[in-house]
Amino acid sequence: MEMYDPQTIEPKWQKFWDDKKLFKASEDSKKEKYYLLEMLPYPSGRIHMGHVRNYTIGDVAARFKMMQGFCVLHPMGWDAFGLPAENAAIKNKIHPAKWTYENIDVMRSQLKRMGYSYDWDREFATCDPEYYRWEQLIFLKMVEKGLAFKKSSSVNWCDGCQTVLANEQVEQGKCWRCDTVVVQKSMEQWFFKITDYADELLQDIDDKLQGWPERVRVMQKNWIGKSLGVNIFFKVKDSKIVLPTYTTRCDTVFSVTFIAIAPENPIVLDLVQGTKYEKGAKEFIAKVAKQTLIDRENEEKEKEGFFIGKQAINPASGEEIPIYIANFALMYGTGIVMCDAHDKRDFKFAKKYGIPLKFVISKDGKPMDANKAKEAFTDDGILFDSGEFSGMKNQEALPKMADWLEKKKFGEKTINYKLRDWLISRQRYWGAPIPIIYCDKCGTVPVPEKDLPVVLPTDVEFTGEGGSPLAQHSAFVNTTCPKCKKKARRETDTMDTFVESSWYLLRYCSSKYEKGPVDPKAAKFWMPIDQYIGGIEHAVGHLIYCRFFTKVMRDLKMIDLNEPVVNLLTQGMVCLGGSAMSKSKGNIVDPDTIIEKYGADTARLFILFAAPPEKDLDWNDNAVEGMYRFLTRVWRLVSEVPSSKHQIPNKEGEVWKHRTIKRVTEDIERFHFNTALSALMEYVNFLSENGTSREALETLVILLSPLAPHIAEELWQHLGHKESVLETPWPKWDPKALVASSILIAVQVNGRLRGTVEVPTDSSEEEIKNQAQRLEKVQAHVAGKQIAKVIYVPKKLVNIVVRD
RNA sequence: GCCCGGGUGGAGAAAUUGGUAAACUCACAGGACUUAAAAUCCUGCGGGCCUUAACCGCCCUUGCCGGUUCAAAUCCGGCCCCGGGCACCA
19 MEMYDPQTIE PKWQKFWDDK KLFKASEDSK KEKYYLLEML PYPSGRIHMG
69 HVRNYTIGDV AARFKMMQGF CVLHPMGWDA FGLPAENAAI KNKIHPAKWT
119 YENIDVMRSQ LKRMGYSYDW DREFATCDPE YYRWEQLIFL KMVEKGLAFK
169 KSSSVNWCDG CQTVLANEQV EQGKCWRCDT VVVQKSMEQW FFKITDYADE
219 LLQDIDDKLQ GWPERVRVMQ KNWIGKSLGV NIFFKVKDSK IVLPTYTTRC
269 DTVFSVTFIA IAPENPIVLD LVQGTKYEKG AKEFIAKVAK QTLIDRENEE
319 KEKEGFFIGK QAINPASGEE IPIYIANFAL MYGTGIVMCD AHDKRDFKFA
369 KKYGIPLKFV ISKDGKPMDA NKAKEAFTDD GILFDSGEFS GMKNQEALPK
419 MADWLEKKKF GEKTINYKLR DWLISRQRYW GAPIPIIYCD KCGTVPVPEK
469 DLPVVLPTDV EFTGEGGSPL AQHSAFVNTT CPKCKKKARR ETDTMDTFVE
519 SSWYLLRYCS SKYEKGPVDP KAAKFWMPID QYIGGIEHAV GHLIYCRFFT
569 KVMRDLKMID LNEPVVNLLT QGMVCLGGSA MSKSKGNIVD PDTIIEKYGA
619 DTARLFILFA APPEKDLDWN DNAVEGMYRF LTRVWRLVSE VPSSKHQIPN
669 KEGEVWKHRT IKRVTEDIER FHFNTALSAL MEYVNFLSEN GTSREALETL
719 VILLSPLAPH IAEELWQHLG HKESVLETPW PKWDPKALVA SSILIAVQVN
769 GRLRGTVEVP TDSSEEEIKN QAQRLEKVQA HVAGKQIAKV IYVPKKLVNI
819 VVRD
């Protein structure tokens, strides 16, 4: 047989798979279905090692399941809308569509060159009108249900990207894409009412996402941020206004000595209107508004406030307390906070502005003077000066005080979430148009379904100036009102690209379906996704959005499903020299150079062997070479058949064969590809040293095939098979065949290893214990001592416990 | 500050339920083959002690300290370090 030459055999088998349509998924109801999905790539230009890792992990699982007889859906597509395309257009004078589709062509061929088992017939790009028309339909249905709505509010604005951003796209006060500091702007924008689903999204994390990593579940819980508390009402003195304040610490109500209102809260203006404080208040609000999110967070300890000249009444104590606007008060809860000496922030603020403070909790319940204290008392303790609750532990009093406040009509229990509604408007061109028309007479009018899709016009110019090119495209903007047929304008904002990726997983079930976003029958067959694989960076963005969309589409009766993903695997990054591979750092290893030098199979093996999937992986050129060596060894070993000298399967060879089948099968099942490969290497070492048989080599090739499919096909053919190795059933191990004729027993004295004995597998406990004790070294350690007991762990070890 | 992970040879890592710590791979060193090199193959490879040397043997070793157990990388308590998430959310 020829030398191992991946450059000739790999394209050969890729073509073979393609021609035979081996990866085509069909709804074959006789078989059990398995939907395996990797997060779809953004077509940025070329495949990088992160993709290679993500897709190789998925491919092994897909091929493994195919061979186990599952009916596997393993699709691929393109998250094709987004800013880089538009930025490239401005910079290089190339149309975003052209740029995107050219990139897709390059990347598709790169993926094919890796030998991935995708059903390419289901491929789509999200920028295709045939895709986003259904997204526009979902949008319209959401408008009907009040789940998509327009409102004016303070939103995150990125000046770099010239667009607004969702909360999930702001990281440490900066834009997720370009790192520009995000500022707050008041704008009228479209939102999705994800907060309506906050409770279900939270509850299902515990009920239905047991197959998700704990890390992601915790992150989503934090993000949703449910808290139970009480809105306590503070009447404003000499006014009809009542200030509701949200608190989770109603046990401190008797200590409240001032009120802080968020500058964004419009109620401030009502309070100061016509008073001598009006001007100062407005100035203060303007000043805080100018602070970026980063400033307001970084400035951390620096509390600023403005007294608005009004007093409120503490309903519990009846005391009059001052009202402030304060920068540390956020638009969370009611945007009004009751403040006291048991909160660090409140305490600091009070000290700065000379506001009196009161403690009502101390360690032992003895009164303490807050005005003499240096810092807030935030521990649990015993209440004092708190009416009927004095003397109780504050944690025990808390629910009782909530009841009491409610009974006295001083407040009401409420639930708060940190999760905000999802802002989806983007002031950019390369996205799905929001299907809305504005008419002077009829107001905001949804585009009628029959007029979908609202197609993104292609004849636009990209200057990078003057806002979105769509807004300047008069043929697009100017239209007629569907209701009154008079002149009207189109919405020129496009949707956040995370909208596309929120439901693409459903579209794959029936990607050519023409009657709706998804064929309910296909969705019923394929969904939910049995295994989803992608990066941890999507933990609170994409992975919450796609759960939300699943529930929305369920409520729109498009599907019958609560959660889209049963099992989630988040793979680690690919690093070089200690940091993540990235263009900006210039530490890139291009997958193509590895393929050219060693072939796709070697690239796949390295990435699988170097680390378990969840961990970060350090790129190492030498280790890549090692994987190539291994494949060459396999090649040589198998090519020697049928002229091989030793062809006799013996007992030891049988044990090894079955043991290897067991190890590889179980390791692939739990995604431990590195140890699966170790097991194969050990088997190859064994066969090289002890001789092979046709059966042994066939087993080796089959077990190797999900990991290194090209070489496996070639060797399978060499072994005389006509069909693909993929069409060969995955072998089963025989538990009886695992039992060797003899076993090695470790012998310990007082827990220390002193030797081993090899005994026939069917030896009795007595025999083994006796043999162990007869060992010379054991005798030496036992001599002159008394044997207290002898412990026998079946098939593993003997431990002789001695005393002096 | 709170909540998750994690810490094992020169490197990447193994060790389903406590049971021979370091499998497998890389790197390194020595050897075989070769005129030579590459490739390939063989041997060694945690630390220390004993020994002229080899073999053998003994002790220590999974971040640190303590505990449970016949037996701990694994379980429990305390501490240190690294990575990630959340955080002016009342």
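Here the working numbering is used: the first residue of the first sequence is 19, the next is one more, and so on. Every residue gets a Cβ at the ideal spot worked out from N, C-alpha and C, and that includes glycine. Fair warning: this is a prediction, and the values are worked out from it, not measured in the lab.
Got a sec, what are the start and stop residues for the beta strand (DSSP E) residue i sits in?
| i | result |
| --- | --- |
| Gly-553 | 549-553 |
| Glu-581 | Element bounds for Glu-581: n/a, residue is neither H nor E. |
| Thr-298 | The question names Thr, yet the displayed sequence has Gly at residue 298. Premise fails: Gly-298 lies in the alpha helix (DSSP H), 296-308, not in any beta strand (DSSP E). |
| Gln-413 | It is not in any beta strand (DSSP E) - Gln-413 instead sits in the alpha helix (DSSP H) that spans 412-425. |
| Phe-826 | With the chain running from 19 to 822 in the structure shown, residue 826 is simply not present. |
| Lys-835 | Not covered by the structure: residue 835. The range shown for the chain is 19 to 822. |
Output the distance between the C-alpha atoms of residue i and residue j, rounded to the nearest integer angstrom.
| i | j | result |
| --- | --- | --- |
| Ile-455 | Leu-155 | 14 Å |
| Leu-649 | Gly-95 | 31 Å |
| Glu-424 | Phe-689 | 53 Å |
| Pro-61 | Ile-75 | 20 Å |
| Glu-317 | Gln-309 | For Glu-317, the predicted structure reports a pLDDT of 48, less than 50, and the residue's modelled location is therefore unreliable. A value from the coordinates is still provided. So the alpha carbons of these two residues sit roughly 10 Å apart. |
| Glu-700 | Gly-100 | 47 Å |
| Thr-498 | Ile-122 | 36 Å |
| Lys-418 | Lys-431 | 12 Å |
| Val-463 | Pro-475 | 20 Å |
| Glu-153 | Ala-103 | 20 Å |
| Thr-779 | Asn-708 | 22 Å |
| Thr-266 | Phe-516 | 33 Å |
| Met-824 | Ser-380 | Because residue 824 is not part of the residues shown, which for the chain are 19 to 822, the question remains open. |
| Glu-643 | Val-188 | 41 Å |
| Gly-63 | Ile-606 | 14 Å |
| Val-465 | Lys-369 | 57 Å |
| Pro-451 | Met-571 | 20 Å |
| Asp-358 | Lys-376 | 7 Å |
| Pro-538 | Tyr-526 | 12 Å |
| His-736 | Thr-118 | 42 Å |
| Ile-682 | Trp-751 | According to the sequence as given, residue 682 is Val; it is not Ile. Their Cα atoms are separated by approximately 11 Å. |
Going by DSSP, which residues form a beta bridge with residue i?
| i | result |
| --- | --- |
| Gly-63 | Per DSSP, none; premise fails for Gly-63. |
| Ala-278 | Tyr-342 and Val-355 |
| Ser-597 | Leu-594 |
| Glu-56 | Ile-551 |
| Val-201 | Trp-175 |
| Gly-429 | Ile-250 |
| Gly-191 | Partner(s): none; Gly-191 has no beta bridge. |
| Gly-604 | Per DSSP, none; premise fails for Gly-604. |
| Ala-143 | Trp-96 |
| Asn-817 | Gln-766 and Ile-809 |
| Ser-170 | Glu-206 |
| Phe-324 | Ile-343 |
| Tyr-563 | None; Tyr-563 has no bridge partner. |
Taking the alpha helix (DSSP H) that residue i belongs to, which residues open and close that run?
| i | result |
| --- | --- |
| Lys-239 | 232-242 |
| Trp-521 | Looking at the DSSP string, Trp-521 is not in any alpha helix (DSSP H), and its letter there is neither H nor E. |
| Leu-227 | Note, Leu-227: premise wrong, no alpha helix (DSSP H); not H, not E. |
| Tyr-149 | 147-162 |
| Gln-789 | 783-792 |
| Val-182 | Run containing Val-182: none in the alpha helix (DSSP H); it sits in the beta strand (DSSP E), 181-183. |
Any chance the stretch 548-566 sits against the stretch 582-596, with 3 or more Cβ pairs inside 8 Å? yes
Using a Cβ distance threshold of 8 Å, determine whether the stretch 752-762 contacts the stretch 674-681, with at least three qualifying pairs required. yes
Spell out a yes or no on whether the stretch 487-505 and the stretch 192-200 are touching, meaning 3 or more CB-CB pairs, one atom from each, closer than 8 Å. no
Cβ contact check for the stretch 83-99 and the stretch 616-627: 3 or more pairs under 8 Å: no
Specify whether the stretch 499-508 and the stretch 173-181 touch according to this definition: at least 3 beta carbon pairs, one from each stretch, less than 8 Å apart. no
Count the CB pairs spanning the stretch 71-86 and the stretch 104-120 that are closer than 8 Å, and state whether there are at least three. no
Contiguous alpha helix (DSSP H) assignments of at least 4 residues, all confined to the stretch 688-768: 691-708, 712-722 and 727-736
Across the stretch 764-772 and the stretch 742-749, are there enough close Cβ pairs to call them in contact, namely three or more that are closer than 8 Å? no
With contact counted as at least three CB pairs below 8 Å, one residue from each stretch, are the stretch 402-422 and the stretch 232-244 in contact? no
What beta strand (DSSP E) runs, 3 residues minimum, are completely inside the stretch 435-507? 454-457, 461-464 and 496-498
Do the stretch 590-604 and the stretch 271-288 meet, that is, are 3 or more Cβ pairs less than 8 Å apart? no
Is the stretch 390-408 touching the stretch 346-364, taking contact as three or more C-beta pairs under 8 Å? yes
Stretch-stretch touch, CB-based, cutoff 8 Å, three pairs: the stretch 19-31 with the stretch 722-734: yes
Counting pairs of beta carbons, one from the stretch 254-263 and one from the stretch 321-331, are three or more of them closer than 8 Å? yes
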